[in-house]
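A.B. asks:
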Amino acid sequence: MAQMNMQQVMKQARKMQEQVAALQADLSETTVDASAGGGMVKVTVNGDMQLVSCTIDPDALDPEDVEMLQDMIVAAVNEAIRGVNDIASKQMSAITGGINIPGMPF
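Numbering-wise (numbering that gives the first Met the number 0), the sequence shown opens with residue 0 and increments by one.
1) According to DSSP, is Thr-95 part of a helix, a strand, or is it coil?
2) Answer with buried or exposed for Gln-7, where buried requires no fewer than 16 other C-beta atoms within 10 angstroms of its C-beta.
3) Tell me the residue span of the beta strand (DSSP E) that contains Ala-33.
4) Consult DSSP for Leu-68 and reduce its assignment to one of helix, strand or coil.
5) Can you find the residues in the same chain that come closer than 6 Å, C-beta to C-beta, to Gln-16, ignoring five residues on each side of it along the sequence?
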């Protein structure tokens, strides 16, 4: 009987592993847009956590306040990364049933 349960557990583990691989493939196709400064800085981050675009409104270019522009860029990128993490966490939770499994991504 224990052998049957172990086979079932292994089968479920393989299925979960396949679902995680599919999730990772889907995430690489996902993008999240975010902005800061009322839309003066807009960024897009993909599911691989790479910044793929950054648009800066010319009105944000104030040579007297470069730090503000830098802060807006950081804020927008961080917001987009949080968005990708939220998507990944929700999808992973759907696969694992909300159980946090050590060693699993996300």
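Don't be surprised by glycine CBs; every beta carbon is placed ideally from N, CA and C.
Nothing here was measured: the structure is a model prediction, and the numbers come from that model.
C.D. replies: Quick answer:
1) helix
2) exposed
3) 30-35
4) helix
5) none
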